[in-house]
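Quick note on the numbering used here: the sequence shown kicks off at 349 and runs consecutively. Glycine residues also receive a C-beta, built at the ideal position from the N, C-alpha and C atoms. Keep in mind the model is a prediction, meaning the values are calculated, not measured. Reading through the structure tokens given below for one structure.
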Amino acid sequence: MKELDLQFPTCPIRNVLGRFADKWSLLILCNLHTHGKMRYTEISKAVPDISQKMLTCTLKQLQHDNLLKRKAYAEIPPRVEYSLTELGTSLMPIIGQMIEWGQEHFEDVTK
């Protein structure tokens with residue numbers, strides 16, 4: 349693995365992983381990967397312990413980072429769906445590996 353200068357402001361770990369490595373982002377990304385398109389209320393039900401404010405902020409940040417897309421339909425009542433972008437989809441195998449590692453080493457880490 350290439351050595352990184354973690355103190356440098358352009359470090360990939362600080363500037364890329366920090367965008368999605370929090371628990372809410374990972375849970376939202378995993379749910380969208382599993383279920384495909386989801387509406388706000390469906391995501392809220394899938395991650396029941398997230399506040400409305402945090403869900404809204406996290407969705408906006410993931411959209412800003414091009415990991416998910418938001419599609420609003422001109423209907424009454426309004427309908428909005430969220431789904432993974434191509435970039436978000438390309439991240440899922442890596443997140444899957446992290447999940448597998450976590451399941452394998454859960455007891456070692458939580459002792």
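Where the beta strand (DSSP E) containing residue i begins and where it ends
{"i": "Lys419", "result": "416-421"}
{"i": "Val428", "result": "427-432"}
Through-space distance from residue j to residue i, alpha-carbon basis
{"i": "Met446", "j": "Ala422", "result": "38 angstroms"}
{"i": "Lys393", "j": "Asp456", "result": "31 angstroms"}
{"i": "Glu452", "j": "Thr458", "result": "12 angstroms"}
Alpha helix (DSSP H) segment containing residue i, residue limits
{"i": "Thr458", "result": "Where Thr458 is concerned, there is no enclosing alpha helix (DSSP H), given that its DSSP letter is neither H nor E."}
{"i": "Ile391", "result": "388-394"}
{"i": "Ile464", "result": "Absent from the structure is residue 464, since the part of the chain shown begins at 349 and ends at 459."}
{"i": "Leu377", "result": "371-383"}
CB contact flag (residue i, residue j, <7 angstroms)
{"i": "Ser373", "j": "Thr406", "result": "yes"}
Residue i, DSSP secondary structure in three states
{"i": "Ile424", "result": "coil"}
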